[in-house]
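I have placed the structure first, in the form of structure tokens, so that the comments after it can refer back to it.
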Amino acid sequence: MPAFLYRAVDPAGKKFKGLLEAANETAVRAQLRKRKLLPLSVEATQQRAGAATGLRPHRMALKKQVLVTRQLATLAGAQVRIEDAIKIVADQMKGARDISLLLNMRSAIIDGRSFAESLEDASGSFDEYYRASVRAGESAGKLPQVLEHLAVHIEDRARNRQTLQLALIYPALLALVSLGVIVALLTFVVPDIVRVFTARGAELPALTRGLIAVSDWLQRWGLISAGIMAAAIVSMLAVLRQPAMRLRWDRWLTRAPGIGALTLRLNAAQFSGTLATLVQSGVPLSDALAAAAGTVPNRYIRARVAQITQNVQDGAVLSKSVEAAGVFPPMLVAMIASGEAGGKLGDSLDRAARDQAASLKATVTAIVALVEPAVLLVMGGIVLLLVMSILMPIVGLNALAG
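With the numbering used here as the guide, the letters of the sequence shown map in order to residues 130 to 531.
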């Protein structure tokens, strides 16, 4: 049954609001009257979500996704039906929009749709990786195991995101404050100093003349340039929403100097982790590959995985197909080959996924560790140039006066 958001008052005039499941608005009003409440308004939550968010669906916070997935995994593992598990989780949630999202999913399941199909209506909260994993788990009858894997995956993602955010807070604040100081110096301080120097007829050093040119440009064209840059970013994001352009962009990312190896490693970790979980859960290899293809973030690599899936369905060996795709590290190919030879593909994929994740984590940690000194060096160098460009004419004037 769908969920409805109601507002009502009791005979004493006290206001109440909440969510109720019912067949229609009339049934909701009848339930409220049985509770001796006068209904003021009753709205279907799906309509309300669309009205509140405009073009964008409601997105559940990552922390709440962790909580929901962990509870669903526990309840499904205890053989609780998924619609009942969702109702139990919704009863413990806070926030009308999150509760309505869960209750609408439950309503879709009661109406005959699968859990994976109900997640399609909540695509703003549960990404393609989540939905594809649930779809594969349901088709293989391994939903509790897949939900457990998803719970661990989302918990790790939340933990990594929090670690990354905490590590980048100080460099981001430092860069922001330094940039503000630099803009303020170029906009307000440098012009006054220039007037003093020009009034004395002093010949300015090349560094100072360059600083004056930058200051003049910033005052004349700074706002316009910022607007053009913002428009360019928005236009680029709009272009990348087109499938053909996004495919080209993702292909460039796999070959770009510096970030290409990191991109390949990230997608390899995602692919191998998903495939390992599904194979260990008893999902047929072709179905597991199809689901794993949907979880790969990079669309170019996703297309290559789709080709791998087709080759395996045609009878090809998995390790040979992965090697022919040319988008995964040789170590992953070797682990798949050894797993196939020993009849333990799931275990080999699991070890490969852990190795890829550990290597990726080490790389990200090193990059984050380098961000802070890099910001300090860049901003310190810019401030040094500003100070030198201001002090050099002052020293020249003192020399002339002496």
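C-beta: ideal position from N, C-alpha, C; glycine also.
1) Who are the near neighbours of Ser268 in its chain, counting only those whose CB is closer than 8 Å to its CB and skipping five residues on each side?
2) Output yes or no for whether 8 Å exceeds the beta carbon distance between Leu149 and Ser229.
3) Whose C-alpha, out of Leu308, Lys146, Asn289 and Ser170, is nearest the C-alpha of Glu154?
4) Can you tell me whether Ala486 is buried or exposed, with buried defined as 16 or more other CB within 10 angstroms of its CB?
5) For Arg199, which of helix, strand or coil comes out of DSSP?
6) Would you tell me roughly how many angstroms separate the C-alpha atoms of Asp213 and Ile496, rounded to the nearest one?
7) Considering Pro140, what are the terminal residues of the alpha helix (DSSP H) in which it resides?
8) Kindly indicate which three-state DSSP category Phe133 falls into: helix, strand or coil?
9) Which complete alpha helix (DSSP H) runs does the region 298 to 363 hold, if anything under 4 residues is left out?
10) Can you list, in chain order, the residues of its chain with a C-beta nearer than 7 Å to that of Pro300? Leave out the 5 residues immediately preceding and following it.
11) Between which residues of its own chain and Gly402 is the CB-CB distance below 6 Å, once the five residues before and five after are set aside?
12) With distance defined between alpha-carbon atoms, name the residue in Leu478, Arg377 and Gly389 nearest to Arg428.
13) Excluding the five sequence neighbours on either side, which residues of its own chain have a C-beta within less than 7 Å of the C-beta of Asn440, listed in chain order?
14) Could you pull the DSSP bridge partners for Leu148 from this structure?
15) Go through its chain and collect everything with a Cβ distance to Val434's Cβ below 6 Å, but skip five positions before and after it.
16) Which stretch, first to last residue, makes up the beta strand (DSSP E) that contains Val533?
17) I'd like the list of long-range same chain contacts for Gly339, defined as Cβ closer than 8 Å, with 5 residues on each side in sequence excluded.
18) So for Pro522, helix, strand or coil by DSSP?
19) Excluding the five sequence neighbours on either side, which residues of its own chain have a C-beta within less than 6 Å of the C-beta of Tyr258, listed in chain order?
20) For the region 390 to 455, list the beta strand (DSSP E) runs that are entirely contained and at least 3 residues long, ordered along the chain.
21) Is Gln371 helix, strand or coil when you go by DSSP?
22) Mind checking Pro372: buried by the 16 CB within 10 Å criterion, or exposed?
23) Could you check whether the region 286 to 296 touches the region 314 to 323, counting it as contact only if at least three pairs of C-beta atoms, one from each stretch, sit closer than 8 Å?
24) Select from Ala453, Met460, Gln274 and Lys271 the residue whose C-alpha is nearest the C-alpha of Ala397.
For this structure:
1) Val412 and Asp416
2) no
3) Ser170
4) buried
5) helix
6) 45 Å
7) Pro140 -> no alpha helix (DSSP H), and no H or E assigned at all.
8) strand
9) 319 to 328
10) Val500, Glu501 and Val504
11) Ala482
12) Arg377
13) Ser450
14) Leu134
15) Ala422 and Val425
16) A question about residue 533 goes unanswered here, because the residues of the chain that appear run from 130 up to 531.
17) Ser518
18) helix
19) Thr424
20) none
21) coil
22) exposed
23) no
24) Met460
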